[in-house]
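Note that the sequence shown covers residues 19 to 309 in the numbering used here. Think of the CB as a built atom: it goes at the ideal place given N, C-alpha and C, for glycine as much as any other residue. In this text the structure is predicted, and so the values were computed from the model without any measurement.
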Amino acid sequence: MFFGSIPALVTPFKGGRIDEDAYASFVDWQIEQGSNGLVPCGTTGENATLTDEEHKRLITIAVETANGRVPVLAGCGANDTAKAIKLTKAAMEAGADAALHVPPYYNRPNQDGIYAHLAAVADLGFPIVLYNVPSRTITDIAVETMGRLAALEAVIGVKDATGNLARVTAQRLACGTDFVQLSGNDDMALGFNVMGGVGCVSVTADVAPKLCSDFQAATREGRWDDALALQDRLYPLHAALFSDASPAPAKYALSRIRPEFPGELRLPMTEASDASKRAIDEALEIAGLTG
């Protein structure tokens, strides 16, 4: 179901509210540019600041705009199991194809607690992609725990942002060859796919959807020289988009190539620094996205 370039969609705000028209237009553009899926309400979408109503509305707009052209993987993670189940039910009602779930952050349960939390969500019978991102959650879904979770019918894959490429092989051995492995790090997507991954949930694809889609297609078709050339072209942008707290750099980059896209952020996120903006400007030029 999920493969290739899958943007972790930024959320356009205008006057403190979601700009629904800008969001629908952005989703349409992503699909037209070749994106293979969509992730609304992820970290890049400032999900920590969304109300439950806004969360469901963003997923609904993504689903309705996509209209079956690409699958929608809705961010539904929470560190409260009841809240995670509630958000997943909302995503189901909105018509999403699957839900993306992190292990509980801040309260940091042990591996049995992580398993119990995610298994409780899986009991809904709705497809789940795990999201392992220790840099944000300060918890790690151990390979053994992932193997236990993969045995559940609803758990279909992982977005791996551990930064450890060896995990791709370890997880394939623990979870089976049908378990979908998506990179959560744009800069590591080439090596990730060489190791057996099938795509990337991407921040860079917010800004450069066609290039990211072309890159993923090259890896999928075994055109490694083409993939390497695209990796080199995109690498400065991968780095620049994390030169300040995300998604501020991505929203600034979008303002350069899609001036109609509102660049407003919700507190506690603030505008990208001048140094970050300079890095982004240079990276956009190297990628051939400006001027």
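Reference residue i, options the options, closest by Cα
{"i": "D70", "options": "C94, V57, N85", "result": "C94"}
{"i": "V171", "options": "A138, V161, D178, A112", "result": "It is worth fixing the name first, because residue 171 is Glu in this sequence and not Val. Out of A138, V161, D178, A112, A138 has the C-alpha closest to the C-alpha of E171."}
{"i": "A119", "options": "C59, N125, A80, A169", "result": "It is His, not Ala, that sits at residue 119 in the sequence shown. Ranking C59, N125, A80, A169 by Cα distance to H119 puts C59 first."}
{"i": "G202", "options": "K177, L283, D115", "result": "K177"}
{"i": "A124", "options": "T99, A112, T155", "result": "Before going further, note that residue 124 is Tyr rather than Ala in the sequence given. Ranking the options by Cα distance to Y124, first place goes to T155."}
{"i": "T61", "options": "M19, E38, A293, Y149", "result": "Y149"}
{"i": "P277", "options": "V212, I304, E72, A40", "result": "A40"}
{"i": "A305", "options": "D292, Q249, F260, L285", "result": "Q249"}
Local Cβ density within 10 Å of residue i, reported as buried at 16 or more and exposed below that
{"i": "A180", "result": "It is worth fixing the name first, because residue 180 is Thr in this sequence and not Ala. Buried: at least 16 other Cβ atoms inside 10 Å."}
{"i": "S153", "result": "exposed"}
{"i": "I132", "result": "buried"}
{"i": "N65", "result": "buried"}
{"i": "P265", "result": "buried"}
{"i": "K101", "result": "exposed"}
{"i": "K295", "result": "buried"}
Beta-carbon proximity of residue i to residue j, cut-off 8 Å
{"i": "L255", "j": "L302", "result": "yes"}
{"i": "L307", "j": "A226", "result": "yes"}
{"i": "V88", "j": "V81", "result": "no"}
{"i": "I174", "j": "V198", "result": "yes"}
{"i": "A26", "j": "V45", "result": "no"}
{"i": "G86", "j": "S231", "result": "no"}
{"i": "G165", "j": "V186", "result": "no"}
{"i": "L183", "j": "F210", "result": "yes"}
{"i": "H135", "j": "T99", "result": "yes"}
{"i": "K74", "j": "E282", "result": "no"}
Distance between beta carbons of residue j and residue i, contact taken as under 8 Å
{"i": "A92", "j": "I77", "result": "5 Å"}
{"i": "T29", "j": "G55", "result": "In fact, because the Cβ distance is near 17 Å, the residues do not count as touching under 8 Å."}
{"i": "S53", "j": "A223", "result": "6 Å"}
{"i": "L229", "j": "L200", "result": "With a Cβ gap of about 18 Å, L229 and L200 do not count as contacting."}
{"i": "Q315", "j": "V161", "result": "Outside the modelled stretch of the chain, which goes from 19 to 309, sits residue 315, for which no answer is possible."}
{"i": "D204", "j": "C193", "result": "The pair is not a contact, with the Cβ atoms about 23 Å apart (cut-off 8 Å)."}
Distance, residue j Cα to residue i Cα
{"i": "N97", "j": "L272", "result": "31 Å"}
{"i": "T288", "j": "L142", "result": "37 Å"}
{"i": "P280", "j": "K269", "result": "8 Å"}
{"i": "A108", "j": "A236", "result": "36 Å"}
{"i": "P122", "j": "I146", "result": "15 Å"}
{"i": "A112", "j": "T67", "result": "20 Å"}
{"i": "A117", "j": "A84", "result": "16 Å"}
{"i": "D37", "j": "W47", "result": "15 Å"}
Residue i beta carbon near the ligand NAP (any heavy atom closer than 7 Å)
{"i": "R35", "result": "This structure does not include the ligand NAP; it has no bound ligands of any sort."}
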